[in-house]
Each structure stands twice: as structure tokens, then as C-alpha cells.
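Report on the following structure.
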DNA sequence: AGCGATTAAATCGTGCACGATTTAATTGGG
DNA sequence: CCCAATTAAATCGTGCACGATTTAATCGCT
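Residue numbers (our numbering), protein chains in the order written: chain Z, 1 to 159; chain F, 1 to 159.
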């Protein structure tokens with residue numbers, strides 16, 4: 001009786017893609033990406049750029065490192081993304097005079113102005129999804145617990 | 001009282017990243033990727049390559065289009081990935097003589113031989129994660145339902 | 001004060017992912 | 001039978017993502 005979920009290795013039982021929890025997450029992530037794309041196109045943002053902007057609307061005037069910690073991204077990912085946001089006139093990047101190693105990020109007027117239209121996007125995306133608030137928050141709780149458990153395993157395995 | 005989850009747009013209430021279900025999924029996906037990476041490195045595979053191999057171990061001798069449907073990937077993503085697997089000697093790509101538009105994928109001996117060591121990977125990854133089988137399958141069920149609901153919304157919104 | 005260690009961001013190379021387009025083969029209608 | 005429409009994969013351009021490395025600034029220790 002194969003009954004798994006990213007936990008096989010019962011010898012002799014073959015791997016089945018549909019048993020992989022990681023594959024479910026992978027697909028769900030692609031689905032969100034695909035659904036957000038057309039809505040964000042109107043704002044001139046990609047999906048990761050949108051997440052970065054949401055983080056900045058919440059807490060402005062942070063360093064690249066702080067934003068990276070918030071989003072779970074490396075500077076090697078964030079720096080080019082931020083340069084694109086800067087090129088669009090949404091964010092200003094400037095070395096911190098008190099510590100020239102750091103780059104501080106500040107929203108421009110245009111960056112702040114984008115928040116209003118951006119607020120409508122998530123609801124628009126879920127329109128017609130037939131998911132109650134309870135559904136959404138329950139699923140989110142499950143996934144957050146999963147992420148926490150995985151990260152614990154990660155640090156435990158670290159050598 | 002802001003209580004959301006990818007469903008804000010209550011006017012006047014600002015967006016909060018931690019309310020975004022999509023962000024939870026985005027982070028969880030990155031976490032899986034990061035955890036799998038060192039384990040798959042030993043097999044010489046990336047995470048998407050591993051998923052493709054799992055699909056092929058399950059059903060061999062499929063077309064690029066069929067594998068793409070299984071994984072949810074476009075040919076523009078899959079073709080280069082498959083060329084890398086071919087370069088590693090794990091997969092053979094050949095035009096179908098009955099329909100030269102299609103390319104059929106077949107595991108090589110080496111490709112099939114990789115299944116045995118690959119079987120151990122998922123369990124190894126979850127070692128120390130403190131998640132029961134029930135946890136895993138419950139979470140997986142929730143995410144699969146989410147994906148289904150999102151896809152329904154997608155086709156409903158299609159114009 | 002000076003210099004090695006640390007820290008922050010940027011850079012580089014590889015690979016994933018998509019939409020739009022292209023190429024080539026098959027299908028189907030007249 | 002032929003040729004327009006369709007289909008399958010590949011190609012192209014853009015952007016995300018990471019690890020490893022580099023560059024530059026600050027810290028800390030003597």
C-alpha cells in the first residue's frame with residue numbers, strides 16, 4: 001500500500017510524482033505566477049517585483065539586505081530586480097552615508113502612488129476561485145507550518 | 001481588523017506581505033528547492049530535472065508535449081532541460097517516425113539506473129522535519145485543492 | 001594607528017520559466 | 001490533389017534565482 005508524500009523509500013515501491021508534496025507546491029507556485037501575470041502587467045510589474053513593492057509599502061527605507069531577509073532572496077537576485085524598479089522610477093537606491101557598504105531603498109512618489117491600484121490585485125485574482133476566507137487562512141497556516149518544519153530540518157542537517 | 005490572505009482590498013487597510021497566501025507558497029517552494037539542491041547535486045540533477053526524471057521513471061516513452069502537460073511546463077522550458085539530460089546520457093530524444101512533429105523521450109540504461117539512488121532522496125530531505133505522514137498528506141491535499149480552485153478561477157476569467 | 005577579519009552589495013556563470021515567434025510536419029476542405 | 005489551418009517542438013528575448021567570487025567599507029584586536 002504505497003501511501004506517501006515526499007516520504008517514500010519503501011524499497012521496491014516506485015516513485016510517483018503525485019505523491020510529492022514538493023511537486024504540489026511547485027505547481028501551486030507556477031499557478032499563482034500565471035494568474036498574477038496579466039493583472040500585474042497593467043502595473044508594469046512582474047510577480048517578484050510586486051512582492052518586493054508590497055514589502056516596501058509595508059516598511060520603507062530599508063537596506064538591500066533587510067529586504068532580502070524579508071523576501072528570502074539573495075543580493076544576487078535582488079540587486080538586478082531593484083535596478084529595474086529604479087529604472088521604472090519606483091524606487092531610489094542610495095548608499096547609506098553612515099555605512100557605505102549598505103544601500104538604502106526608498107520609494108519614490110510614483111512608487112507610493114502605485115500602492116492604491118495594487119491593492120485591488122489580490123482580490124481580483126481570487127475572484128471566481130470559490131475559496132472562503134477560512135479556506136485561505138487555513139491553507140496559509142498549513143503551508144507556513146510546513147515551511148517552518150522544513151527550515152528546522154535544514155538547520156538540523158547543517159554540518 | 002485586517003484578516004486576509006490574498007484577499008484584501010478592504011479600502012484603507014494597507015497590504016501586508018504576511019497576509020499573502022501566494023507569498024507563503026513562493027517561500028515554501030524556495031525552501032524545497034534549497035533543501036533538495038545538495039541532495040540532488042550528488043545525482044548530478046537540478047530540482048526541475050529531478051521532477052522530470054521522476055515523471056519518466058513513472059511513464060517512459062512519452063512526447064515532449066505529454067511530459068510538459070504532466071509537469072506543467074512549456075516546450076520552451078522543457079526543450080533545453082531535456083537537452084541537458086540528454087547531454088548527461090540519461091534520456092534519448094528522437095523524432096517519432098509516425099509523426100515527425102513529435103519528439104519521443106526514452107530513458108537510457110543510465111537514466112533507469114539512477115532511479116534506485118533517487119528513491120532515497122525525498123525521505124532524506126524530510127529527515128528531522130518533524131512531520132508525520134498524516135501531516136504531509138493533509139498539507140498536500142490542501143495545496144492540491146488550492147491549485148484546483150485557482151485553475152478554475154483562471155479558466156472562468158479567461159476571455 | 002594599522003591591518004586582518006568580517007560584512008554588504010554587486011558581479012558572474014548556469015539554469016529555470018514564460019510569452020511570442022518560427023520552423024516544420026500533418027490535417028482537412030474544396 | 002493542393003494549400004490553408006493546425007499542431008509540435010524549437011528558438012529568442014526577458015527576467016528570476018542561486019552559489020561562488022569580487023569589491024569595497026567597517027570592525028576589532030593588539
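For each residue, glycine too, the CB sits at the ideal point set by N, CA and C.
With respect to the 9 Å criterion, residue 81/F and residue 52/F are classified as neighbours on the basis of their beta carbons. Measuring C-alpha to C-alpha distances from residue 143/Z to each of 19/F, 28/F, 20/F and 79/F identifies 28/F as the nearest. Per DSSP, residue 59/F lies in no alpha helix (DSSP H) and is assigned neither H nor E. By a beta-carbon distance limit of 8 Å, residue 86/F contacts residue 92/F. Their separation comes to about 7 Å. For residue 74/F, the closest of 21/Z, 147/Z, 30/Z and 103/Z by C-alpha to C-alpha distance is 30/Z. Under DSSP, residue 104/Z takes part in a beta bridge, and its partners are 63/Z and 94/Z.
Per DSSP, the continuous alpha helix (DSSP H) segment holding residue 86/F begins and ends at 75-87. No Cβ of chain F is located within less than 9 Å of the beta carbon of residue 79/Z. With a cutoff of 9 Å on beta-carbon distance, residue 153/F and residue 129/Z are scored as near each other. CA-to-CA, the gap between residue 65/F and residue 72/F works out to about 10 Å.
A direct Cα-Cα distance of roughly 16 Å separates residue 114/Z from residue 36/Z. Burial is judged here by how many other beta carbons sit within 10 angstroms of a residue's own beta carbon; residue 111/Z has at least 16 and is buried. Taking 8 Å as the upper bound for CB-CB distance, residue 118/Z and residue 43/Z are in contact here, some 6 Å apart.
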